[in-house]
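These notes are about the structure you will find just below.
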Amino acid sequence: MKEFSFIPIGGANSIGESCSLFEVGNARILVDVGLGFQERPFPNNLISRIDKTINGLGNLDLVLITHAHRDHLGSILKLMANGYNGYIYSSKITKQLAKYVFDDIISDDLPNREIADLYAHYASYMYQQWHSFDLGD
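In numbering that gives the first Met the number 0, the protein residues as written are 0 to 136.
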């Protein structure tokens with residue numbers, strides 16, 4: 000049986016900033032990378048907490064976004080700007096709505112070019128479509 004751990008990184012002690020790390024065997028899956036409601040335009044501390052927890056953003060296997068609210072996906076661009084270049088998974092509608100969320104919170108330090116970069120890494124799936132991930136042995 001594979002080892003499993005759950006580490007709440009954001010959202011446990013505040014409103015917003017939803018972010019949880021699931022470790023299954025050697026796989027590291029980040030669920031949501033949210034923006035705290037008090038933080039505008041972009042937070043820095045959530046990304047540094049993620050980085051410290053996993054010893055580098057390159058150690059993430061994938062990011063899964065549950066839905067298109069800023070407290071669940073608002074820090075994705077900042078995550079990518081700090082070195083994450085893996086895939087981001089969500090439903091198709093979440094991917095479509097993400098642009099409107101980003102338009103609402105975009106800042107001068109993250110140019111529009113980075114929104115295009117996000118979509119290059121975004122793999123969307125239809126609601127109720129099954130997709131399995133190989134998490135190794």
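Yeah, the Cβ is synthetic: ideal placement off N, Cα and C, and Gly gets one too.
Cα-Cα separation between residue i and residue j, rounded to whole angstroms
{"i": "F101", "j": "G73", "result": "7 Å"}
{"i": "G24", "j": "I6", "result": "14 Å"}
{"i": "K91", "j": "A97", "result": "10 Å"}
{"i": "H66", "j": "E2", "result": "27 Å"}
{"i": "L61", "j": "K77", "result": "15 Å"}
{"i": "F176", "j": "L34", "result": "The requested residue 176 does not occur in the structure, where the chain is confined to residues 0 to 136."}
{"i": "D107", "j": "S4", "result": "Below a pLDDT of 50, predicted positions are generally treated as unreliable, and D107, at 45, falls in that range; the measurement from the model is reported next regardless. If I take the Cα positions, the gap works out to 37 Å."}
{"i": "Q127", "j": "S89", "result": "Legend: pLDDT at Q127 = 48, less than 50; position of this residue unreliable, no value from coordinates given."}
{"i": "G55", "j": "H68", "result": "26 Å"}
{"i": "I46", "j": "S19", "result": "12 Å"}
Chain-order list of residues whose beta-carbon lies under 7 Å from that of residue i (same chain, five-residue window excluded)
{"i": "L59", "result": "R27, L29, I53, Y83 and G85"}
{"i": "G57", "result": "G82"}
{"i": "F36", "result": "I14, G15 and D70"}
{"i": "S17", "result": "G9, G10, D31, G33, D70 and H71"}
Distance between beta carbons of residue j and residue i, contact taken as under 8 Å
{"i": "I64", "j": "I87", "result": "6 Å"}
Residue i, enclosing alpha helix (DSSP H) - first and last residue
{"i": "S47", "result": "N44 to I53"}
{"i": "I75", "result": "I75 to A80"}
Start-to-end residues for the beta strand (DSSP E) that takes in residue i
{"i": "L63", "result": "L61 to L63"}
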